[in-house]
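Undergrad: All residue numbers for the sequence shown refer to my numbering, where the first residue is 1072 and numbers rise by one.
Think of the CB as a built atom: it goes at the ideal place given N, C-alpha and C, for glycine as much as any other residue.
These figures come from a predicted structure and were not determined experimentally.
Sharing a structure here in structure tokens format.
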Amino acid sequence: MKKKLVLKPFVLPTLYILMVIALMVMSTTLIYKGDEEDDLTYVSDSIFDNTLPVVGENEIVILKPFTSDKVSITSSYYNYQAESSSQENSIIRYDDTYLQNSGITYSSDEEFDIVSVMDGTVTKIYYNELLGNIVEITHDKNLISVYQMLDDISVKVEQKVTRGEVIAKSGSSKITSSNYNLHFELMKDGNIVDPNTYIGKNIKEL
């Protein structure tokens, strides 16, 4: 006759406790792995995926040479093909001499920041008796921006500047009545052009 297996009183509680501990360890492990997966950033199979957002030339536009909304145009670019009324607003008088405006003259009742219209390199800084302090910046696409009538110039020759970076403050000249002015010119391929036809354009259009 076979003997019945009789467990000692402490065996069942011990097995129960071991099972509970094992379940707790398994649960903790799963939760930890889940948290790890939440922290991961998944990418496509290729780093050259064309669907990734890229800032290209289409998104880069030529800025105005200032940021203040209190700046107005006092003299526009002289266009030989414009109506006579427009041309009259583009004539600058100094003493007994009349000058055709080769850029745009801006002014304000308060000082304003002058900014680079595009990324570029400062290639010239000099003083003109008539127009005051002048900064020239050379950009890609054979474009040169010229900032005149400046004060507190904060850049140096050969310095790299970024689009929208402050390069100076508005200033005065002998041909303006306001203390806060900017005369702005643009040259494309060595020729002076109307800044209004370039400001706001994507550089890809140049």
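Kindly indicate the opening and closing residues of the beta strand (DSSP E) around V1217.
TA: 1214 to 1222 is the extent of the beta strand (DSSP E) around V1217.
Undergrad: Can you tell me whether T1268 is helix, strand or coil according to DSSP?
TA: Residue state, collapsed to three classes: helix.
Undergrad: Quick one, are the C-beta atoms of L1221 and G1242 less than 8 angstroms apart?
TA: Their beta carbons are under 8 angstroms apart, which means L1221 touches G1242 by this criterion.
Undergrad: Please confirm whether S1249 and G1203 have their CB atoms less than 8 angstroms apart.
TA: Not closer than 8 angstroms, so no.
Undergrad: Does the separation of the CB atoms of V1188 and E1236 fall below 8 angstroms?
TA: Contact flag unset, no.
Undergrad: Can you tell me where the beta strand (DSSP E) holding M1189 begins and where it ends?
TA: Premise fails: M1189 is in no beta strand (DSSP E) and is neither H nor E.
Undergrad: Pick out whichever of S1178, L1253, I1175, E1182 has its Cα sitting closest to the Cα of I1205.
TA: Nearest option by C-alpha distance: L1253.
Undergrad: Considering only the alpha carbon of each residue, which of T1194, P1266, R1234, N1199 lies closest to V1228?
TA: Closest option to V1228, Cα to Cα, is T1194.
Undergrad: Just tell me which of S1143, I1175, K1141, T1138 has its CA closest to the CA of N1267.
TA: Comparing Cα positions, the closest option is I1175.
Undergrad: Which residues in the same chain have their Cβ closer than 7 angstroms to the Cβ of N1213, if we skip the five residues on either side of it in sequence?
TA: The residues are K1259, D1260.
Undergrad: For F1137, which option in Y1198, S1146, Y1218, S1147 has the closest C-alpha, if you only look at C-alpha atoms?
TA: Nearest C-alpha to F1137: Y1218.
Undergrad: Can you tell me whether Y1197 is buried or exposed, with buried defined as 16 or more other CB within 10 angstroms of its CB?
TA: Classification of Y1197: exposed, given that the 10 Å Cβ count is below 16.
Undergrad: So which of D1190, F1183, V1226 has the shortest CA-CA distance to D1211?
TA: It is D1190 whose Cα lies nearest to the Cα of D1211.
Undergrad: Using the rule of at least 16 other Cβ atoms within 10 Å of the residue's Cβ for burial, across every protein chain shown, is N1172 buried or exposed?
TA: Classification of N1172: buried, given that the 10 Å Cβ count is 16 or more.
Undergrad: Quick one, are the C-beta atoms of A1239 and I1215 less than 8 angstroms apart?
TA: Going by C-beta atoms, A1239 is not nearer than 8 angstroms to I1215.
Undergrad: So K1135 and I1270 are supposed to be a Cβ contact under 8 angstroms. How far apart are they, rounded?
TA: Confirmed, about 6 angstroms.
Undergrad: Measure the Cβ-Cβ separation of T1209 and S1178 and say whether it is below 8 angstroms.
TA: No, the pair does not count as a contact, with Cβ atoms beyond the cut-off.
Undergrad: Which of the three DSSP states is assigned to I1274 in this structure?
TA: Three-state DSSP puts I1274 in a helix.
Undergrad: Let's test the definition: count the other Cβ atoms within 10 Å of the Cβ of S1143 and tell me whether it reaches 16, buried, or not, exposed.
TA: With fewer than 16 other Cβ atoms within 10 Å, it is exposed.
Undergrad: Using a Cβ-Cβ cut-off of 6 angstroms (strictly less than) and excluding sequence neighbours within five positions of T1192, which residues of its own chain qualify?
TA: Result list for T1192: T1209, K1231, in chain order.
Undergrad: Between the beta-carbon of E1181 and the beta-carbon of Y1251, is there less than 8 angstroms?
TA: Yes, the Cβ-Cβ distance between E1181 and Y1251 is below 8 angstroms.
Undergrad: For S1139 and D1184, which I take to be in contact (beta-carbon distance under 8 angstroms), what is that distance rounded to the nearest angstrom?
TA: With a Cβ gap of about 7 angstroms, S1139 and D1184 count as contacting.
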